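Below: one structure, written as structure tokens.
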Amino acid sequence: MTTFVDRVVLHAAAGNGGHGCASVHREKFKPLGGPDGGNGGRGGDVVLVVDPGVTTLLEYHHSPHRAATNGKPGMGGHRSGADGQDLVLPVPNGTVVKRVRTKRDGTTEEETVADLIGAGTRFVLAQGGRGGLGNAALASPRRKAPGFALLGEPGRSGDYVLELKTVADVALVGYPSAGKSSLISVLSAARPKIADYPFTTLVPNLGVVTAGSTVYTIADVPGLIPGASRGKGLGLEFLRHVERCSVLVHVLDCATLEPDRDPISDLDVIEAELAAYGGLNDRPRVVVLNKVDVPDARDLAELVRPELEERGLRVFEVSAVAHDGLKELSFALAGIVAEARAAAPVEEPTRIVLRPKAVDDAGFTVTAEDGFFRVRGEKPERWVRQTDFSNDEAVGYLADRLARLGVEEELFAVGAKAGAEVVIGDDDDAVVFDWEPTMAAGAELLGPRGTDLRLELEDRRPSRAEKRGSHRDED
Ligand SMILES: Nc1nc2c(ncn2[C@@H]2O[C@H](COP(=O)(O)OP(=O)(O)OP(=O)(O)O)[C@@H](O)[C@H]2O)c(=O)[nH]1
Ligand SMILES: [Mg+2]
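Following our numbering, the numbering of the sequence shown begins with 13 at its first residue and continues without gaps.
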């Protein structure tokens, strides 16, 4: 059996940033050549791009793990590491992207982050890590020869659900073998498989119809049967594709030989399934009584027409085989589609839902928790990731940055004392310290010889050089 994949879980990993390099320039007769370690390269992003040539998500079903390349580390002689390469993944038009979050209790939750419509629409799924600065870039008037460099940041990674929702104006729904695919084949240039056994159609077919000046798309979905909304048959999976359409067309088989079926009860069954699926109530409906080339079928169509019309439905008697009543139908659908388009707000090329930032980009928070203090904020958390904890100087630099941001003061303000446990970041990747306030800016505060700045921390204004240094350190 062919598999049609319209929902996949993609594990995307962006590239890590390359580490910065700590190196000292060496040349004959120049023993103190100064720091010359280059910066690490940026990690590659994982990017989704809508490609009209791609129609299924099958490729990601077969290989769901995708990773961009890492940035290269910096090197001595001021050489920067090369950036990682972005990994560009083509996806079909109408791909919905959801982020999968695993909650504390182990259950997962899906949050829609993007709705990709329109050729060329790009979405950065996972951002590559920044490269770490080399020691040359970290040098400042106060820190002329840093003996450390920053680590590259790990790239973002995560699980994403990609879901395909066909973007069609008109959707054909009905029992298996009602003639939905036949109808598409005669209304448009699409040539889907047609056969006299149920569930011929396993994947939605899409056709383009031109009626007068209106051009619209029409899709069929695999046949629906009672219980489809509970997963019976093939239909439920595919109702997703119907969600975006502006008109629903009920294709009713007037020539079925099954004893317990007739057009009216077929309609009721399908409507019950649509209702159980939910969300399609607001879509206008049209009824097609198909197969009227069969004499008994025409009689049956005449018989049920009044009742359908009483329900306020527009009814078309059609024969897909004899090409009967098609023009009228396709122009009527064009009219409804045009009306719906006029009423709908102008469709923007794409609707991207931006993930809300967990914390304010510029700021940070310090909260007293059960027995410890937690620091959250984009900068402090990034700085921690950039720190090589095996290097004391690098740790001192981190403490320095944190103090300058005001984390120290804030810790004091919420009641932290020396020796308190301080946690920076989320539980998943937190770094835990024993807080030593006076040492926080330790090495750095032992400025010019003979001045221990810790003694006059309180009301000392920073010198111009220090201010300049702190600007450079900001990110
Ligand atoms: N006599 C007659 N037969 C038709 C007509 N339309 C479709 N059929 C026949 O009905 C059978 C089913 O047609 P399909 O178009 O495959 O039906 P479908 O609704 O797409 O069926 P599934 O894909 O299984 O859901 C085929 O044997 C068609 O030849 C029609 O207008 N008149
Ligand atoms: Mg079909």
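Note that the Cβ used here is the ideal one computed from N, Cα and C, for glycine as well.
Since the model is a prediction, treat every value here as computed from it, not as a measurement.
Looking at the DSSP output, T379 sits in a beta bridge with R386. In the three-state scheme derived from DSSP, where H, G and I count as helix and E and B as strand, V407 is classed as helix. Looking from the CA of A332, the closest CA among L345, P158, A313, K303 belongs to K303. Remark: C-beta atoms of G146 and G86 approach each other more closely than 8 Å.
Relative to the non-hydrogen atoms of ligand 1, the Cβ of F211 comes within a distance shorter than 7 Å of at least one. Take P76, set aside five residues on each side of it, and the residues of its chain with a beta-carbon closer than 7 Å to its own are V20, V21, L22, H23, in chain order. Per DSSP, the continuous alpha helix (DSSP H) segment holding E283 begins and ends at 275-289.
Remark: the C-beta of P166 is outside contact range of ligand 1, defined as less than 7 Å to any heavy atom. Taken through DSSP and simplified to helix, strand or coil, K42 comes out as strand. For R38, the number of other beta carbons within 10 angstroms of its own is below 16, and it is reported as exposed.
Looking at I282, G55, A425, T67, the one whose alpha-carbon comes closest to that of L218 is T67. The Cβ neighbour count for E421, taken over all protein chains shown within 10 Å, is under 16; the residue is labelled exposed.
The alpha-carbon of L251 is positioned some 10 Å away from that of D232. A79 and A138 have their C-alpha atoms spaced approximately 9 Å apart.
The distance from the Cβ of A430 to that of P449 is about 6 Å, consistent with a contact at the 8 Å cut-off. Contact check for V108 against T120 fails: the beta carbons are separated by 8 Å or more. For K192, the distance from the CB to the nearest heavy atom of ligand 2 is below 7 Å. DSSP assignment within the stretch 112-160 yields the following whole alpha helix (DSSP H) runs of 4 residues or more, N-terminal first: 147-150.
Under the three-state reduction of DSSP, I436 is assigned to strand. Excluding five sequence positions before and after R394, the CB atoms of its chain that fall closer than 7 Å to its own CB belong to E165, given in chain order.
Annotation for E175: no alpha helix (DSSP H) segment contains it, though the beta strand (DSSP E) segment containing it runs 169-176. Cβ neighbours of R326 within its own chain (closer than 6 Å, five residues either side excluded): V298. Not a single heavy atom of ligand 2 lies less than 7 Å from the C-beta of P216. Excluding five sequence positions before and after V306, the CB atoms of its chain that fall closer than 7 Å to its own CB belong to A267, given in chain order.
Here the alpha carbons of R295 and D208 stand approximately 30 Å from one another.
Take K192, set aside five residues on each side of it, and the residues of its chain with a beta-carbon closer than 6 Å to its own are L184, G186, D232, V263, in chain order. For F401, the secondary structure class from DSSP, reduced to helix, strand or coil, is coil. With a threshold of 16 other beta carbon atoms within 10 Å, L150 meets it and is buried. Going by C-alpha positions, A380 is about 36 Å away from G52.
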